[in-house]
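Numbering follows the numbering used here, with no gaps: position 61 of the sequence shown is 47. Yeah, the Cβ is synthetic: ideal placement off N, Cα and C, and Gly gets one too. Everything on this sheet refers to the single structure shown next.
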Amino acid sequence: GSVGPFRPPQKTRVPLWLAVMLKRSNRCRIVAPEWLSFEHLHMLCKEEDQPDSMFTKLPLHYLEIAHILLTNAEDDLVDSQGIRRLIQDLREVRQSKTREGLRMLNSLQLQMDNLSIAEINEIRPLFAHSFDMLRRLDELAGSSDVTRQQSQNLFADQSYSEFDDAFSSSYLNPE
-13 GSVGPFRPPQ KTRVPLWLAV MLKRSNRCRI VAPEWLSFEH LHMLCKEEDQ
37 PDSMFTKLPL HYLEIAHILL TNAEDDLVDS QGIRRLIQDL REVRQSKTRE
87 GLRMLNSLQL QMDNLSIAEI NEIRPLFAHS FDMLRRLDEL AGSSDVTRQQ
137 SQNLFADQSY SEFDDAFSSS YLNPE
């Protein structure tokens, strides 16, 4: 599609790649999306931290967008260090929820609405192994006196070190 015309000082919506290119050549200021404000992120962190709360709705690529804006337009963001800290806090709370969701994994369904693409990609390596293990446990439960609950308890005792390693990558550390 086409963008423009550009008439300073009017705000214009452009793709993120173009905004970053114009910012690097000192031709614009980037106005962050509303969800990337300190106040909004603080509210989201409080919502996410509530017991039994669902994942809050964020853009599918919120971690990537935040990383790009914090790296390339830090001076355009109000309280960029606070935003960086809140994004990290939000990410940690969501990772904790994801771990809890995986502990309740069953062979039929896993429902975690509103995960971002990065969060899905971080847990993806575990799914093949986890569902294979659940299938084996279901077969074991069907062929012996082991109950389904005992099978799930066996799975719950598994180490999450692979999962923790998957979460060690960081989008938000300054380069």
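Give me the residue from the options with the minimum Cα distance to residue i.
i    : options                  : result
E78  : L4, R13, L101            : L101
D35  : S82, R15, R121, R(-7)    : S82
F41  : M119, P(-9), K(-3), E86  : E86
L76  : S(-12), G(-10), R10, F24 : F24
W222 : P37, P45, D38            : Not covered by the structure: residue 222. The range shown for the chain is -13 to 161.
H28  : M98, D65, F113           : D65
S39  : D99, N107, P111          : D99
N107 : T84, M119, K(-3), R121   : T84
Would you tell me roughly how many angstroms separate the C-alpha atoms of residue i and residue j, rounded to the nearest one?
i      : j     : result
L197   : L8    : Residue 197 falls outside the range modelled here, since the chain spans only -13 to 161, and no answer is possible.
E125   : H115  : 15 Å
V132   : A5    : The predicted model places V132 with a pLDDT of 49, which falls under 50 and marks its position as unreliable; any figure quoted below should be read in that light. Each residue's Cα considered, the two are about 59 Å apart.
P37    : R80   : 12 Å
I109   : P(-9) : 42 Å
L123   : F117  : 10 Å
S(-12) : A127  : 60 Å
L120   : K43   : 29 Å
F179   : P(-6) : There is simply no residue 179 to check, as the chain begins at -13 and stops at 161 in what is shown.
H26    : R(-1) : 21 Å
K(-3)  : P19   : 13 Å
P111   : E33   : 28 Å
S11    : G68   : 26 Å
Tell whether a beta-carbon distance below 8 Å holds between residue i and residue j.
i   : j   : result
L2  : I54 : yes
L56 : R71 : no
Assess contact between the region 9 to 19 and the region 61 to 81, defined as three or more Cβ pairs (one per stretch) separated by less than 8 Å. Is contact present?
yes
Under 8 Å, with one C-beta from each stretch per pair, do the region 47 to 58 and the region 101 to 113 reach the 3-pair mark?
Yes: at least three Cβ pairs fall under 8 Å.
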